[in-house]
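Protein chains: 2
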Amino acid sequence: MSLTKHLLSLAASGLLAFGLTAAAAAQTDPLPSWNEGAAKTAILDFVARTTTAGDPDFVPEEERIAAFDQDGTLWVEQPQYSQIQFVLDTLADAVKANPALVKNPVVAAALAKRALTEPELIELAMIVQSGMTIGAFDQQVRDWLKTARHPRWNRPLIDMTYLPMQEVLKLLRANGYRTFIATGGSKGFVSPYSQEFYGIPPEQIAGTAQQLEFQIIDGRPELIRTPHVATNNVGAGKIENFVMIYGRTPRAQFGNSSADDQQALQYVKNSPGLRLSVAILHDDAKREYAYGPAQGLPDSPIGTFSQEMYDLGKKEGWVIVSMKNGWNRIFSFEK
Amino acid sequence: MSLTKHLLSLAASGLLAFGLTAAAAAQTDPLPSWNEGAAKTAILDFVARTTTAGDPDFVPEEERIAAFDQDGTLWVEQPQYSQIQFVLDTLADAVKANPALVKNPVVAAALAKRALTEPELIELAMIVQSGMTIGAFDQQVRDWLKTARHPRWNRPLIDMTYLPMQEVLKLLRANGYRTFIATGGSKGFVSPYSQEFYGIPPEQIAGTAQQLEFQIIDGRPELIRTPHVATNNVGAGKIENFVMIYGRTPRAQFGNSSADDQQALQYVKNSPGLRLSVAILHDDAKREYAYGPAQGLPDSPIGTFSQEMYDLGKKEGWVIVSMKNGWNRIFSFEK
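Same order as they appear, the protein sequences are chains A and B.
So the first sequence is numbered by the numbering used here: it starts at 1 and just counts up by one.
So the second sequence is numbered by the numbering used here: it starts at 336 and just counts up by one.
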């Protein structure tokens with residue numbers, strides 16, 4: 001089937017979902033924040049081919065799974081991960097609830113405002129995010145989100161999600177794909193807001209997960225969060241754990257970091273059948289941030305995009321999205 | 336709403352799913368293998384209340400999740416778990432592929448046909464089920480199922496599933512519930528047949544899971560099964576891991592074993608809102624097996640149902656199903 005025919009068929013299927021007329025559909029662009037170009041065409045083409053009956057690349061609906069990294073792929077990850085901000089903001093409450101925590105050297109360092117290494121930050125997160133019931137932690141995240149603001153734009157975090165990626169999520173779902181988050185961050189941190197922020201339910205979030213412990217408290221069975229990591233989604237763990245937990249390999253994978261997305265993008269792209277691997281290149285210092293050594297960008301401890309991953313992606317046929325050139329709007333609040 | 340009204344409403348909703356007329360529906364029993372009685376009524380009532388708009392116990396569709404233990408709840412677990420049969424049947428192939436395995440004392444004991452303890456059997460399973468790609472293991476299970484037979488009935492394993500439970504799975508799905516397996520067995524073992532046997536897709540199986548390892552083999556990225564347990568679904572682990580992975584508590588939980596289902600049944604039943612916990616009592620030695628010390632049945636190392644769990648279930652309002660009295664047919668091949 002030709003690409004034009006694919007796109008018409010895609011537009012028609014989008015139609016049905018929204019109940020528009022055929023005439024209106026011809027004018028409907030499902031990705032209006034994306035500039036015309038190779039990246040936009042590749043995404044539309046992938047969706048069309050995998051969802052058009054009779055196409056050699058047709059994928060049955062039960063196998064239509066797309067996985068998205070969160071930090072740097074669905075929302076801003078600079079100048080620090082939002083989860084780290086949450087952990088630092090709620091550290092005082094955690095110490096108040098459990099004063100013995102001050103004896104922990106990482107907690108003491110954080111309270112003294114010393115800069116922490118990445119492993120120390122992870123240890124701190126596991127500590128702060130444990131000791132309570134799952135319901136109490138969920139509420140704590142929801143409460144924090146009510147007042148949390150991004151330091152640069154002073155806006156609530158829901159505004160820090162990328163409009164072009166929201167459009168991709170909706171496009172995929174309108175075409176029978178189920179959208180998942182595959183994050184190195186904590187599943188328990190993402191679950192309370194993923195439905196509202198991204199339209200993604202908690203059972204479709206694969207994240208680093210802390211073990212729960214069944215306890216009888218005041219005669220009532222409870223599940224208590226522990227500081228022990230059960231599934232660690234850092235590095236190759238992201239794709240290892242996704243496939244282990246869901247028993248399926250995504251058809252489409254979206255990420256941005258050499259440290260935490262490279263193996264997932266590589267594994268998905270090399271799996272049988274038509275697959276889509278999309279890597280977001282943060283190269284727009286004016287509208288967002290520019291970082292990661294690919295293409296001579298400044299290095300960053302967060303979300304690094306190496307030249308090696310860039311070259312691998314080009315060689316394997318990933319879609320590499322320049323935020324500067326590929327997106328005409330990044331945030332919904334932009335004019 | 337009265338129970339009669341509930342049941343009429345339930346019948347009507349079942350109707351829509353199958354496209355029957357209202358007259359036909361009045362005669363349609365969604366649980367024909369269940370004898371009339373408290374257990375059948377409780378299940379029908381739960382489904383009606385939680386799916387009837389306007390009912391105080393109405394549950395939105397995204398929260399309609401039901402979790403089923405497999406061994407002893409969905410299919411026969413005596414005289415030994417089918418997975419153990421698989422492990423023993425494929426041990427020779429594993430040793431052929433990796434001769435160094437004979438040095439492992441558990442492998443040596445199994446090869447010498449010595450009886451193994453439960454921890455030894457688990458260790459043996461982890462060894463036999465590791466070292467290959469996920470695709471190769473999946474194929475191994477599928478191949479084994481082609482010839483595997485239950486020793487008592489000499490029938491393929493799909494015939495060893497309980498007809499009354501197949502009816503419950505279909506009833507729940509026809510009413511907007513998603514059905515999950517929550518097994519102490521290996522997720523990787525259950526995934527290859529769960530869709531065919533139970534209509535349950537791999538992403539809805541929570542089982543004991545072995546870590547996968549990303550490796551580049553002959554220039555190609557692969558996920559290799561390792562002998563390390565990432566999530567252990569034994570005992571309280573079943574409910575701990577289910578809630579950790581999916582971020583939701585089931586509305587309905589089905590099990591049969593004090594060792595591996597008690598905490599899940601207890602946690603679900605005590606969670607807010609109307610919940611259903613169903614425990615299957617194996618008390619029919621003639622048509623199936625009778626075991627587990629509850630109600631004076633013989634003890635068994637597999638699927639034990641203690642008197643303590645029986646009393647707890649009665650106190651908390653679980654539905655305890657006597658297979659002997661509750662089910663008029665157990666298997667689909669019975670006349």
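Think of the CB as a built atom: it goes at the ideal place given N, C-alpha and C, for glycine as much as any other residue.
| When the distance is taken between beta carbons, is H617 (chain B) closer than 8 Å to M658 (chain B)? | yes
| alpha helix (DSSP H) runs wholly inside the stretch 412–472 of chain B, at least 4 long, in chain order | 417–432, 440–446, 453–463
| Do P320 (chain A) and A279 (chain A) have their CB atoms nearer than 8 Å? | Inspection of the sequence shows that residue 320 (chain A) is occupied by Ile rather than by Pro. Contact: yes.
| Do P201 (chain A) and A66 (chain A) have their CB atoms nearer than 8 Å? | no
| message | For M579 (chain B), would you say it is in contact with chain A, using Cβ-to-Cβ distances shorter than 8 Å as the test? | response | yes
| With C-beta atoms as the reference, is S368 (chain B) less than 8 Å away from R622 (chain B)? | no
| field | Residue-level contact to chain A via CB, N568 (chain B), 8 Å cutoff | value | no
| query | Hey, is P585 (chain B)'s beta-carbon within less than 8 Å of any beta-carbon in chain A? | reply | no
| chain A partners of K522 (chain B), CB-CB under 7 Å? | G247
| field | Test: A571 (chain B) CB closer than 8 Å to a CB of chain A | value | yes
| task | Indicate whether at least one CB of chain B lies closer than 8 Å to the CB of I122 (chain A). | result | no
| message | Can you give me the C-alpha to C-alpha distance between G326 (chain A) and K40 (chain A), rounded to a whole angstrom? | response | 8 Å
| field | Chain-ordered neighbours of R555 (chain B) on chain A, where CB pairs are closer than 9 Å | value | N270
| task | Name, please, each residue of chain B whose Cβ falls closer than 9 Å to the Cβ of I239 (chain A). | result | L547, F549, P556, L558
| task | Put L632 (chain B) into one of helix, strand or coil per three-state DSSP. | result | coil
| In the structure shown, what three-state DSSP assignment does G542 (chain B) receive? | strand
| task | Could you tell me which chain A residues have their CB closer than 7 Å to the CB of E538 (chain B), listed as they occur along the chain? | result | Y246, G247, R248
| said: Does any residue of chain B have a CB that is nearer than 8 Å to the CB of I134 (chain A)? | reply: yes
| said: If we define contact as Cβ-Cβ less than 8 Å, is I655 (chain B) a contact residue for chain A? | reply: no
| When the Cβ atoms of the stretch 561–570 of chain B are set against those of the stretch 373–392 of chain B, are three or more pairs found closer than 8 Å? | no
| said: Between T50 (chain A) and V59 (chain A), how many whole angstroms is the CB-CB distance? I'm expecting something under 8 Å. | reply: 4 Å
| query | Should Q601 (chain B) be flagged as near chain A, meaning a C-beta pair shorter than 8 Å? | reply | yes
| Where S526 (chain B) meets chain A, residues with beta-carbon distance less than 7 Å | G247
| Interface residues of chain B around E62 (chain A) at Cβ under 7 Å? | P536
| query | Name the residues in the stretch 406–435 of chain B whose C-beta lies less than 8 Å from a C-beta of chain A; which are they? | reply | none
| said: Using a Cβ-Cβ distance cut-off of 8 Å, determine whether A209 (chain A) contacts chain B. | reply: yes
| Status (buried if at least 16 other CB within 10 Å, exposed otherwise) for S257 (chain A) | buried
| Between the beta-carbon of E240 (chain A) and the beta-carbon of L547 (chain B), is there less than 8 Å? | yes
| message | Quick check: the Cα distance between I552 (chain B) and Q474 (chain B), rounded to an integer number of angstroms? | response | 19 Å
| request: Go ahead and pull the three-state DSSP assignment for Q70 (chain A). | output: coil
| task | Can you pull the chain A residues whose beta carbon is under 9 Å from the beta carbon of Q598 (chain B), in chain order? | result | F214, P221
| said: If I measure Cβ to Cβ from Q530 (chain B) and keep anything under 6 Å in the same chain, skipping five residues before and after, which residues do I get? | reply: P536
| message | So I565 (chain B) contacts chain A; which residues on that side make the cut at Cβ distance below 8 Å? | response | This sequence places Ala at residue 565 (chain B); Ile is not what is there. The answer, in chain order, is A230, T231, N241, M244.
| request: Flag this pair as touching only if the stretch 481–497 of chain B and the stretch 408–423 of chain B have three or more C-beta atom pairs under 8 Å; answer yes or no. | output: yes
| Contact under 8 Å by Cβ, D71 (chain A) with G303 (chain A) | yes
| query | Where D428 (chain B) and S465 (chain B) are concerned, what is the direct C-alpha to C-alpha distance, given to the nearest angstrom? | reply | 12 Å
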